[in-house]
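> Chains as they are written, first to last, in my numbering: chain A, 3 to 298; chain B, 18 to 186.
The C-beta atom is built at its ideal place from N, Cα and C for all residues, glycine as well.
All figures in this text were calculated on a predicted structure; none of them were measured in a lab.
Sharing a structure, written as structure tokens. Questions coming.
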């Protein structure tokens, strides 16, 4: 059985590699993300209620809603959890190697990290984007293939949801693929066969919830989704003058790496962080609580 | 004293380890354990099939305008919700829910002498005001910014098409 939602929210880390990385990205979406942790804390923050009886009622109703599989919240959680399973042992080892406030990306740590080829990285980016779309639809009760509704609501993204998109663009786009990551990803996607997609490990994990009857139509859906969101992504990058260098500069606040090891930074973060699961849990908790307080 | 058979020793050790591991991994008791237990028991459901589709509530929400924007945010069976923004900033949340899914929600209106637009009304917690329409549909406005006061909530509640909603069956 899946874990209770209140435990998932209570157990969110307050200071691991994921949190360090997201904090370093605050300059992209200033003040939007404050790592809200704990189920009761989230109830207080979302509703501004302090009355214990109210908090109990809101929490109870949120738990009922989450546990009702017909409501889609568990599917969304599964997607967020599955798309970025981090190697927690490597993350723990890295944290144990901390010198001062920084983790040196050297020696033994680097031998465990292999940079992804561009193709795998581009597919990762596109699949994560589709996972966000499908999870959004599950959480908000919109038919699962409503690309248009999702694109419209991106303009309204805020808080941890906006941070998730910021991290996607930076950590899975700009850093591994470079400043023209959108063009690169699109051209790679156009040259990917259904068979290649079918053998991609990220895709295989979430395939069952991607709209489409077979890999062929799922590939088209991923392509259509990316095509619809690329305008939003490129505006996001332009509005903020985001460059790989600016992001590497911020990562140097918690990682120590040399110029000739930049390739390894993306691969290391990919293996040791789970920002989709972390911020996705926060988004789900918020939506459940928002609905619960309106229904009690 | 008879020697314990090896198998028994092994079994005792294993049992001890299992108990030790499960004691370490189980979460501390929580005030939400009961809800977790009840909502995962066989046949438990948070939404009944007789409840109204969320999409059919949308047309009863107030129109925005004069500096306000309305952004629909959740639409589930028996529930629809929209954010109310003023100049881009979220100031309130408006929702319609079918109390068939959560019958205890209707109880709080029984002892209420207040009315808004002729419907029984209650203020709930610090930020919420709700009315019960047609003895079934709860319409609620929740402040998300201190500038949006109780009287704002009451004013926006009466802007819903409440008579239309009361005819929905």
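Whose Cβ in chain B lies nearer than 7 Å to the Cβ of residue 56/A?
142
> Which class does residue 107/A belong to by DSSP, given the choice of helix, strand or coil?
Under the three-state reduction of DSSP output, residue 107/A falls in the coil class, being neither helix nor strand.
> If contacts are defined as beta-carbon pairs under 8 Å, then residue 188/A and residue 232/A qualify, I think. What distance do you get, rounded to the angstrom?
7 Å
> Only counting the same chain, and skipping five residues up and downstream in sequence, which positions put a Cβ closer than 7 Å to that of residue 104/B?
84
> Please confirm whether residue 124/A and residue 179/A have their CB atoms less than 8 Å apart.
yes
> If you follow the alpha helix (DSSP H) that residue 151/A is part of, which residue opens it and which one closes it?
Segment 149-156, the alpha helix (DSSP H) holding residue 151/A.
> Buried or exposed for residue 205/A, going by 16 or more other Cβ atoms inside 10 Å?
buried
> With DSSP as the reference, identify every bridge partner of residue 82/B, one or two as the case may be.
85/B
> Please list, in chain order, the chain A residues whose beta carbon lies closer than 7 Å to that of residue 64/B.
70, 72, 73
> Just checking: is the beta-carbon of residue 92/B within a distance shorter than 8 Å of some beta-carbon in chain A?
yes
> Could you check what DSSP says for residue 88/A in three-state terms: helix, strand or coil?
Coil.
> Can you pull the DSSP bridge partners for residue 26/A?
The partner list for residue 26/A (beta bridge, DSSP) is empty, contrary to what the question assumes.
> Do residue 105/A and residue 257/A count as a contact pair if the criterion is CB distance below 8 Å?
At the C-beta level, residue 257/A and residue 105/A come within 8 Å of one another.
> With 16 other CB atoms within 10 Å as the buried threshold, where does residue 91/A fall?
exposed
> For chain A, check one thing: does any of its Cβ atoms lie closer than 8 Å to the Cβ of residue 84/B?
Proximity of residue 84/B to chain A, defined by a Cβ-Cβ separation below 8 Å, is not satisfied.
> Let me confirm a value: residue 120/B is counted as buried when at least 16 other C-beta atoms fall within 10 Å, else exposed. Which label applies?
A residue is called buried when at least 16 other Cβ atoms come within 10 angstroms of its Cβ; residue 120/B does not meet this threshold and is exposed.
> Which residue from 15/A, 85/A, 64/A, 250/A puts its Cα closest to that of residue 266/A?
250/A
> Should residue 8/A be flagged as near chain B, meaning a C-beta pair shorter than 8 Å?
yes
> With 8 Å as the threshold, decide whether the Cβ of residue 110/A is near any Cβ in chain B.
At least 8 Å separates the CB of residue 110/A from every CB of chain B.
> Using the rule of at least 16 other Cβ atoms within 10 Å of the residue's Cβ for burial, across every protein chain shown, is residue 246/A buried or exposed?
buried
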